[in-house]
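Everything on this sheet refers to the single structure shown next.
Number of protein chains: 2
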Amino acid sequence: MRDTRAELLAQAEILVRGRGYSGFSYGDLAEAVSIRKASIHHHFRTKTDLALALVAAYDARYDVALAGIMAAQPDAASRIEAYGRLYLTGVEDGLGCLCAVLAIEMDTLPDVLRADLARFFDKHIAWLERVLTEGCADGSLRPGLDPAATARMVVATLEGALLLERLLAGSAGFRSTLAALSDGLRPPRIA
Amino acid sequence: MRDTRAELLAQAEILVRGRGYSGFSYGDLAEAVSIRKASIHHHFRTKTDLALALVAAYDARYDVALAGIMAAQPDAASRIEAYGRLYLTGVEDGLGCLCAVLAIEMDTLPDVLRADLARFFDKHIAWLERVLTEGCADGSLRPGLDPAATARMVVATLEGALLLERLLAGSAGFRSTLAALSDGLRPPRIA
DNA sequence: TTGTGGCTACCATCTAGTAGGTAGATTTTT
DNA sequence: AAAAATCTACCTACTAGATGGTAGCCACAA
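Top line first, the protein sequences correspond to chains A and B. For what it's worth, my numbering labels the leading residue of the first sequence as 1, then goes sequentially. For what it's worth, my numbering labels the leading residue of the second sequence as 192, then goes sequentially.
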């Protein structure tokens with residue numbers, strides 16, 4: 001038995017991340033999943049409902065990933081790098097960040113959706129702020145670094161790099177940015 | 192005598208930067224400029240023609256701005272900061288970067304347009320790389336920093352910050368990211 | 001027998017784009 | 001200088017196709 005709802009979410013995510021929210025239609029999605037356009041409405045009454053479900057699923061996946069990083073990585077510096085690598089699959093698959101794509105079209109989005117997007121990013125920033133604060137304390141990151149500001153900067157850099165390198169140099173470009181980012185966070189070498 | 196073509200470009204830019212490329216229509220634009228939809232086709236035969244003109248005008252404005260920074264700012268560190276401040280008006284006006292918006296919808300864009308976008312970003316990266324190389328030499332930036340990688344990172348950070356802070360904390364958030372970015376580029380304090 | 005998950009057929013509205021016309025300015029020809 | 005031709009910038013009216021969404025029907029499983 002196939003899980004149509006899950007397939008719809010998976011294909012819709014690919015479509016949105018590649019073409020933007022207004023850039024994909026129920027028609028496209030129907031074709032991708034091989035059911036009729038009207039049948040999609042059975043699973044997601046409106047396009048907004050679909051978008052909300054998309055963000056919720058995406059957000060949940062990130063929750064798992066962030067918890068995994070906390071468990072697998074010992075220190076702040078490697079946690080930040082592991083966080084950065086999360087974005088890498090997007091570049092490799094030629095897909096932007098779902099929430100970045102939606103954020104771009106902000107002005108056309110319903111308020112609920114916009115609020116969910118803000119929550120998504122705020123959560124990442126808060127997580128990074130905690131990691132960065134630890135990193136300053138344990139010496140794996142440059143002391144005197146502002147955790148709140150740097151957390152915002154890290155998310156911005158990775159979102160920006162995904163956006164850019166999908167268009168430009170692909171994963172090589174992304175890795176290069178990731179290296180430059182880590183460089184700026186490391187404690188200064190006493191050479 | 193009013194310059195309808197210029198008004199079309201100005202209003203179209205606002206629409207695209209706020210709602211995405213597929214998110215705005217000739218109908219919207221016609222209303223914004225108070226002429227009939229069909230009349231727009233007189234100035235821009237197709238939507239792609241309009242997008243190309245939009246990018247060309249945007250790119251030209253940045254050329255002027257970059258030249259201005261070279262003339263007005265004495266050292267690399269202040270040039271980078273001035274470059275960062277260029278993005279600030281976007282945050283303040285609640286408008287994303289035109290080329291970032293278009294890049295998000297990459298998969299739907301005609302090849303010509305995609306090539307123009309790549310050229311836009313490559314130009315910025317090349318400019319920054321030059322400035323960064325100078326900065327390493329004259330000591331206003333952290334020595335040993337990789338100019339090519341850092342240039343990509345700077346553009347990524349600013350594009351990402353514009354995207355994020357338009358949704359989140361506005362210009363305060365953006366300034367905070369800008370400060371964290373500069374911090375990472377500065378030579379280490381010998382406290 | 002009730003709910004699930006599809007379907008066909010439809011709807012109003014919007015989409016980019018076309019056809020063809022008009023009023024006025026500019027340019028060319030006489 | 002007058003007349004003719006052309007160009008500019010807009011218009012109304014239209015097209016074909018896409019858009020999100022609705023109504024109602026059917027098969028099947030619990």
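Glycine included, every Cβ here is placed at the ideal spot set by N, Cα and C. Note that the coordinates shown come from a computational prediction; the quantities given were computed from them, not determined experimentally.
| Asked | Found |
| --- | --- |
| Contact list for methionine 261 of chain B against chain A, beta-carbon separation under 9 Å | The premise fails here: methionine 261 of chain B is roughly 23 Å from chain A at the closest Cβ pair, so nothing lies under 9 Å. |
| Chain A contact residues for proline 301 of chain B, given Cβ-Cβ distances below 9 Å | Under the 9 Å cutoff, chain A gives no residues; its nearest Cβ is about 13 Å from proline 301 of chain B. |
| Three or more C-beta pairs below 8 Å linking the stretch 96 to 114 of chain A and the stretch 48 to 68 of chain A | yes |
| Alanine 151 of chain A to arginine 252 of chain B span [Cα, whole Å] | 31 Å |
| Cβ separation of leucine 168 of chain A and alanine 363 of chain B, assumed to be a contact under 8 Å, to the nearest whole Å | No, leucine 168 of chain A and alanine 363 of chain B are not in contact; Cβ-Cβ is about 30 Å, not under 8 Å. |
| Listed by chain order, chain A residues near glutamate 350 of chain B by CB distance under 7 Å | Gly160, Leu163 and Leu164 |
| 8 Å CB neighbourhood of glycine 96 of chain A in its chain, flanking five on each side removed | Arg17, Gly18, Gly90, Leu162, Leu163 and Arg166 |
| At least 3 beta-carbon pairs within less than 8 Å: the stretch 368 to 377 of chain B vs the stretch 204 to 224 of chain B | no |
| Beta-carbon gap between valine 154 of chain A and isoleucine 80 of chain A smaller than 8 Å | yes |
| C-beta neighbour in chain B for glycine 20 of chain A, strict 8 Å | yes |
| Residue range of the alpha helix (DSSP H) that includes phenylalanine 120 of chain A | 111 to 138 |
| Isoleucine 104 of chain A beta carbon less than 8 Å from that of valine 292 of chain B | yes |
| Reduced DSSP category for alanine 191 of chain A - H, G, I as helix; E, B as strand; rest coil | For alanine 191 of chain A, the predicted structure reports a pLDDT of 49, less than 50, and the residue's modelled location is therefore unreliable. A value from the coordinates is still provided. Correct three-state label for alanine 191 of chain A: coil. |
| Extent of the continuous alpha helix (DSSP H) run through phenylalanine 24 of chain A | First-last for phenylalanine 24 of chain A: undefined, no H or E at that position. |
| With 16 other Cβ atoms within 10 Å as the buried cut-off, status of glycine 170 of chain A | exposed |
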